[in-house]
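Numbering (the numbering used here), first residue to last: 52 to 268.
Here is the structure we will look at.
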Amino acid sequence: MPQIPVEIADDGTLEGRWPDIKKVQNPAGETVTKAEMELGGITYSSEWFQYCGAQTYEGLEPDADVDNVFRSVENPPKEYAWQRERLSGGEPLKAEHFSDYETWGNAVGKSGLGKPAMAKWRTPEGGQEIPVQVLRSPRIERSARSDEWLEASTQRGFMAWFDKCTHFCCVPSFKGTTQSTKFGAADEVYCACHQSIYDPFSIKKPQFVALPRPEDG
Ligand code: FES
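The following block contains the structure:
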């Protein structure tokens, strides 16, 4: 699943960076708006999120009139008791909510691997929700010291990704369900729909491409 580079505002609010907006000419010679930038040695583009129907989401249009704050979802998984108790739906996530990230744990797998939250991002009022998983982990913090992309896309151990399973578009979670323990995924990101497993600590650089263009058939 594609990462969303994290930024932390001065007041601790967590935000997902959106690529720079620019005007470019398409092959037909028309001027179009694009969201794309160089970051951490690779090209970060809004095209990363163009799968599972998200290519039609209003909030993912290059120049959508939305902010980039990560906000708590209305109903986090019950295994995220901390989020259900501390945050109401729509409330901005802040760094202080994750201060116990080095020791946090729940009934799923080992403690101390990181503290997760379920968020939404760039979701307009009444618009299609854009699901995001936010994870603050000491492992990510360590990895970012020796990786150009992670250094640029994570902050103080915070990482985020567009949380749509690349299999059939369900919403996976890190330690979000005890069901994951049956499939050896208690310490991974697990998708309950058909048991896909993602390792959040092993970032894959190759990028998958968006839907084929009409001329590609
Ligand atoms: S949708 Fe996630 S495994 Fe099928």
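Glycine included, each C-beta is placed from N, C-alpha and C at the ideal position.
Buried versus exposed call for residue i [16 or more other C-beta atoms within 10 Å across all chains shown]
i    : result
A75  : Going by the sequence as given, residue 75 is Val instead of Ala. Its Cβ having fewer than 16 others within 10 Å, V75 is exposed.
H148 : buried
T205 : buried
I55  : buried
E207 : Before going on, a small fix: residue 207 reads as Arg here, not Glu. Exposed.
T174 : buried
G1   : Since the displayed the chain opens at 52 and closes at 268, residue 1 lies outside it and no answer follows.
F219 : exposed
V83  : exposed
S224 : buried
P182 : buried
F234 : exposed
I191 : buried
S247 : buried
G178 : exposed
D214 : buried
G67  : buried
D267 : In this prediction, D267 scores a pLDDT of 48, lower than 50, which makes its location untrustworthy; the coordinate-derived value is nonetheless stated afterwards. That one is exposed.
Residue(s) in a DSSP beta bridge with residue i
i    : result
L186 : P167, M210
Q134 : Bridge partners of Q134: none, in fact.
Q76  : T82
E66  : E58, V120
F149 : None, per the DSSP bridge assignment.
I93  : L90
A224 : Before going further, note that residue 224 is Ser rather than Ala in the sequence given. Note: S224 sits in a beta bridge opposite Y241.
I248 : Y241
P143 : R122
heavy atom of the ligand FES below 8 Å from residue i C-beta
i    : result
S224 : no
Q246 : yes
H218 : yes
beta-carbon residue i near the ligand MG non-hydrogen atom, thresh 8 Å
i    : result
E176 : As for the ligand MG, it is missing from this structure, which binds only the ligand FES.
Count the C-beta pairs between the region 191 to 211 and the region 127 to 138 that are closer than 8 Å, then say yes if the count reaches three, no if not. They do not touch, by the three-pair rule.
Are three or more beta carbon pairs between the region 162 to 182 and the region 78 to 98 nearer than 8 Å? no
Counting beta carbon pairs with one atom in the region 225 to 233 and one in the region 66 to 85, are three or more of them shorter than 8 Å? no
Quick check: the region 116 to 127 against the region 96 to 108, are at least 3 beta-carbon pairs closer than 8 Å? no
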